Amino acid sequence: MDQTMQFNTPALLEAFFERSQDGFFFMMLDEPIAWGPGVDKDAVLDYVFAHQRMTKVNPAMAQQFRATRESLIGLTPAEFFRHDPAAGRRGWRE
Numbered sequence: 050m051d052q053t054m055q056f057n058t059p060a061l062l063e064a065f066f067e068r069s070q071d072g073f074f075f076m077m078l079d080e081p082i083a084w085g086p087g088v089d090k091d092a093v094l095d096y097v098f099a100h101q102r103m104t105k106v107n108p109a110m111a112q113q114f115r116a117t118r119e120s121l122i123g124l125t126p127a128e129f130f131r132h133d134p135a136a137g138r139r140g141w142r143e
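Residue numbers (the numbering used here): 50 to 143.
Here it is, written out as structure tokens:
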């Protein structure tokens, strides 16, 4: 097995995710979206903020937010940024 194969395994990726000191998470949308020229980005962001959900959270992310992984999984951006929705939208827009 060559060295690139050794470092491209699901187990290694999972170990990196679980042991990282940086907070990481994955999110998923109910439906794909279009994002580009000619798209009403405010309308798309409204959809994303209501329908994109955290699907996987590493321990560092939970610790940074003083939460359990289970309490973060399933959150939408609207729920996660309810304290400052404008800041959340700016981050998503970029």
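Beta carbons are placed, not taken as given, at the ideal position from N, Cα and C, and that holds for glycine.
The structure presented is a predicted model; accordingly, all values stated were derived computationally and were not measured.
Taking 8 Å as the threshold (C-beta atoms), are Phe114 and Leu121 in contact? In the sequence shown, residue 121 corresponds to position 72, counting from 1. In the sequence shown, residue 114 corresponds to position 65, counting from 1. The Cβ atoms of Leu121 and Phe114 lie closer than 8 Å to each other.
Arg102, DSSP secondary structure in three states: Translated into positions along the sequence shown, residue 102 becomes position 53. Looking at Arg102 - three-state DSSP - the assignment turns out to be strand.
Per DSSP, which residues does Met77 bridge with? Please list them. The count along the sequence shown starts at 1 and reaches residue 77 at position 28. Bridge partners of Met77: Arg102.
CB contact flag (Leu78, Val97, <8 Å): Position 29 of the sequence shown, counted from the start, is the residue given in the question as residue 78. Position 48 of the sequence shown, counted from the start, is the residue given in the question as residue 97. Against a cut-off of 8 Å, the Cβ pair of Val97 and Leu78 comes out as a contact.
My understanding is that Thr104 touches Phe75, with C-beta atoms under 8 Å, so please give their C-beta distance in whole angstroms. Counted from its first residue, the sequence shown places residue 104 at position 55. Counted from its first residue, the sequence shown places residue 75 at position 26. Right, their Cβ atoms sit about 5 Å apart.
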